[in-house]
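Here the structure is laid out as structure tokens; the discussion comes afterwards.
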Amino acid sequence: MATAGSVPSLQGKPLWLLAELTYRCPLQCPYCSNPLEFARFKNELDTDQWIKVLREARKLGAAQLGFSGGEPLVRPDLEILIAEARGLGYYTNLITSGVGMDEARVAAFKEAGLDHIQISFQASDEELNNYLGGTDSFAHKYEMARVVKKYDYPMVLNIVIHRQNIDQIEDIIRMTVDLDADYVELASTQYYGWSKANAELLLPTREQLARAERIAHEYQDRMQGRMKILYVVPDYYETRPKACMNGWGAVFLTIAPDGAALPCHAARQLPGFDFPNVRDHSIEWIWNDSPAFSRYRGFDWMQEPCRSCPEKTKDFGGCRCQAFMMTGDATNADPVCDKSAHHARLVADVDRITAQPLEAVRAKPLLFRNTKNSRALMRDGKA
Amino acid sequence: MTDAVVTADTVPRIAPLYRFQWEEAQACHVLLYPEGMVRLSGSAGEIMQRIDGRTPVASLLTALRTAFPGVDLEPDVYTFLETAYGHGWIRTVAAG
Chain A
1 MATAGSVPSL QGKPLWLLAE LTYRCPLQCP YCSNPLEFAR FKNELDTDQW IKVLREARKL
61 GAAQLGFSGG EPLVRPDLEI LIAEARGLGY YTNLITSGVG MDEARVAAFK EAGLDHIQIS
121 FQASDEELNN YLGGTDSFAH KYEMARVVKK YDYPMVLNIV IHRQNIDQIE DIIRMTVDLD
181 ADYVELASTQ YYGWSKANAE LLLPTREQLA RAERIAHEYQ DRMQGRMKIL YVVPDYYETR
241 PKACMNGWGA VFLTIAPDGA ALPCHAARQL PGFDFPNVRD HSIEWIWNDS PAFSRYRGFD
301 WMQEPCRSCP EKTKDFGGCR CQAFMMTGDA TNADPVCDKS AHHARLVADV DRITAQPLEA
361 VRAKPLLFRN TKNSRALMRD GKA
Chain B
384 MTDAVVTADT VPRIAPLYRF QWEEAQACHV LLYPEGMVRL SGSAGEIMQR IDGRTPVASL
444 LTALRTAFPG VDLEPDVYTF LETAYGHGWI RTVAAG
């Protein structure tokens, strides 16, 4: 964003630190971005190890900190980590389902210096919300959103949008208005991890999307100055890829629950990587010197059509995980790009998936994100 | 164009959504907000750090003239404050 009085942002520092405190979660959302094999990782970093991560990353220039998971509220030391982070000068964001929260805890977060709470909803309809989350959480989320507001937090509500809730987008926006949200993220499902496994049941049709987009834009105009609505379209329908993570190892650093350092939270699925762990290495070494973080930095790793493409400085060739999932080679162009030789196959896949009627899609079972399913996928060699 | 929001009598304050601080690693002042950051130029940082919710623009200008003598900074200060207001970085305190 170019603005008067500001200067262009610097590359090369891990400005965004995502602390995935745990893979444990009371919800079972079928579009979860955690790895399918999350049940394999049980050895969570302890409080002192997280504090070391926070200090080292801050020293390297990290300014935004997201506490995420799984469900970060599962960690009883969350208040301690928030207080430490705030003391270090981070802007602290709590990314939560709201399950595990109560008013006393929100008060404790405020006391610890938490800057912002983002609550996710699965739908605006209680039954659908609870079905998608695999938990009776809707009423509690609603109550917690009110409490967040009561404690004077800027409130971001996040709703992941997909084929099974996209037609209710107007009700969803009305719910966020009723909750007096400051920002609303209507985030189309991105197909990684569990959502990739459920893509056939989640990908909206072109017609659904056009309608949803029109409604979202109407409310963007209507709510201007009161509530900001961010509408993210699914990139499968685009012809240019997203600038994923603003480039590999450019601004974004994820620390997974077991201490693995990742350039993005989905990168774990890429083959041939030995992602460094904060138990063995400093954040400084991981960011500046580790082979994993430098592998796709800059442009030298690219193949055609990216290598000679004038747009490579804008989108960095898109998403490495998507390139790997669809072409088997992470150094290929993201097939979302219509310059990719694999783009036609993506379009054909999308057409085939969305040709199935909604009733037929709804009749099929979603693969819920839970420990049992994760173990079963690993046992069957699918994760 | 709408009428200017910021006049000599305006008392600006930093909007509650934003946190203003010096970032050592960036060597500049920044505004932090949910999941984002605005890096401020040197002059923008000088203006912002004098905004405290009590001082009117006329006094901000006096303080800035003292800090930077011989510079005609008034038009730039108004331009920046209008921009900052437009982005929602600052709000105005009602005159009491």
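Those sequence lines, one after another, are chains A and B.
If you count the first sequence from 1, position 262 lands on 262 in this note's numbering, and the numbers rise without skipping.
Counting from 1 along the second sequence, just add 383 to a position and that's the residue number in this note's numbering.
Note that beta-carbon positions come from the ideal geometry of N, C-alpha and C, so glycine has one too.
**Request:** Report the residues of the stretch 70-95 of chain A with a CB closer than 8 Å to any CB of chain B, ordered along the chain.
**Result:** The residues in question are Gly89, Tyr91, Asn93.
**Request:** Measure the C-alpha to C-alpha separation of asparagine 158 (chain A) and serine 124 (chain A) and round it to an integer number of angstroms.
**Result:** So the alpha carbons of these two residues sit roughly 12 Å apart.
**Request:** Kindly say whether proline 154 (chain A), judged by its beta-carbon, lies nearer than 7 Å to any beta-carbon of chain B.
**Result:** For proline 154 (chain A), a Cβ of chain B is located within less than 7 Å of the residue's own Cβ.
**Request:** Measure the alpha-carbon distance for tryptophan 194 (chain A) versus leucine 377 (chain A) and round it to whole angstroms.
**Result:** Spanning the two alpha carbons is a distance of roughly 11 Å.
**Request:** To the nearest angstrom, report how far apart glutamine 49 (chain A) and glutamate 84 (chain A) are at their CA atoms.
**Result:** Cα-Cα distance, rounded: 12 Å.
**alpha helix (DSSP H) runs wholly inside the stretch 154-231 of chain A, at least 4 long, in chain order** = If only uninterrupted alpha helix (DSSP H) runs of at least 4 residues are considered, those enclosed by the stretch 154-231 of chain A are 169-178, 193-197, 199-202, 206-222.
**Local conformation of methionine 420 (chain B) per DSSP, three classes** = In the structure shown, methionine 420 (chain B) sits in a strand (DSSP, three-state: E or B).
**Request:** Name the two residues that bound the continuous alpha helix (DSSP H) containing serine 374 (chain A).
**Result:** For serine 374 (chain A), the enclosing alpha helix (DSSP H) stretches over residues 371-379.
**Asked** What did DSSP end up calling glycine 66 (chain A) once you bin it into helix, strand or coil?
**Response** Strand.
**Identity of the residue in B:Thr438, B:Leu415, B:Phe451, B:Gly436 nearest glutamate 429 (chain B) by Cα** = The shortest Cα separation from glutamate 429 (chain B) among B:Thr438, B:Leu415, B:Phe451, B:Gly436 belongs to B:Phe451.
**Asked** If you scan the stretch 275-324 of chain A from start to end, which runs of the alpha helix (DSSP H) of 4 or more residues do you find wholly inside it?
**Response** Those alpha helix (DSSP H) runs which fall completely within the stretch 275-324 of chain A and span 4+ residues are 283-288, 291-294, 312-315.
**Message:** Beta-carbon within less than 8 Å of leucine 203 (chain A)'s beta-carbon, same chain only, minus the 5 sequence neighbours each way: which residues are those?
**Reply:** Take leucine 203 (chain A), set aside five residues on each side of it, and the residues of its chain with a beta-carbon closer than 8 Å to its own are His162, Arg163, Thr189, Tyr191, Pro234, Tyr236, Val350, Ile353, Thr354, in chain order.
**Request:** From the DSSP output, in three-state form, read off leucine 81 (chain A) for me.
**Result:** Reduced to three states, the DSSP call for leucine 81 (chain A) is helix.
**Asked** Does proline 417 (chain B) come within less than 7 Å of chain A when only Cβ atoms are used?
**Response** It does: the Cβ of proline 417 (chain B) has a partner Cβ on chain A nearer than 7 Å.
**Request:** Mind checking which residues open and close the beta strand (DSSP E) that includes tyrosine 91 (chain A)?
**Result:** Under the DSSP assignment, tyrosine 91 (chain A) falls in the beta strand (DSSP E) whose first and last residues are 91-96.
**Message:** Within 10 Å of its beta-carbon, does aspartate 178 (chain A) have 16 or more other beta-carbons around it, so buried, or fewer, so exposed?
**Reply:** Burial call: exposed.
**Request:** Would you decide whether asparagine 93 (chain A) is buried or exposed? Buried here means 16 or more other CB atoms lie within 10 Å of its CB.
**Result:** With 16 or more other Cβ atoms within 10 Å, it is buried.
**Neighbour flag for lysine 110 (chain A) against chain B, beta carbons, 7 Å** = Not an interface residue.
**Request:** In the DSSP assignment, find the beta strand (DSSP E) that holds proline 395 (chain B) and state where it starts and stops.
**Result:** Here the beta strand (DSSP E) through proline 395 (chain B) covers 394-397.
**Prompt:** For alanine 4 (chain A), which of helix, strand or coil comes out of DSSP?
**Reply:** Model confidence at alanine 4 (chain A) stands at a pLDDT of 45, short of 50, so the residue's coordinates are unreliable; what they give is reported in the following sentence. Coil at alanine 4 (chain A), not helix or strand.
**Request:** Leaving out five residues on either side along the sequence, give the residues of the same chain with a beta carbon under 7 Å from the beta carbon of asparagine 388 (chain A).
**Result:** Residue 388 (chain A) is absent from the model: chain A starts at 1 and stops at 383.
**Item:** Residue burial classification, threonine 393 (chain B) (beta-carbon count within 10 angstroms, cutoff 16)
**Value:** Burial check for threonine 393 (chain B): the Cβ neighbour count within 10 Å reaches 16 or more, so the residue is buried.
**Asked** In or out: glutamine 224 (chain A) buried (at least 16 other Cβ within 10 Å) or exposed?
**Response** Under this definition glutamine 224 (chain A) is an exposed residue.
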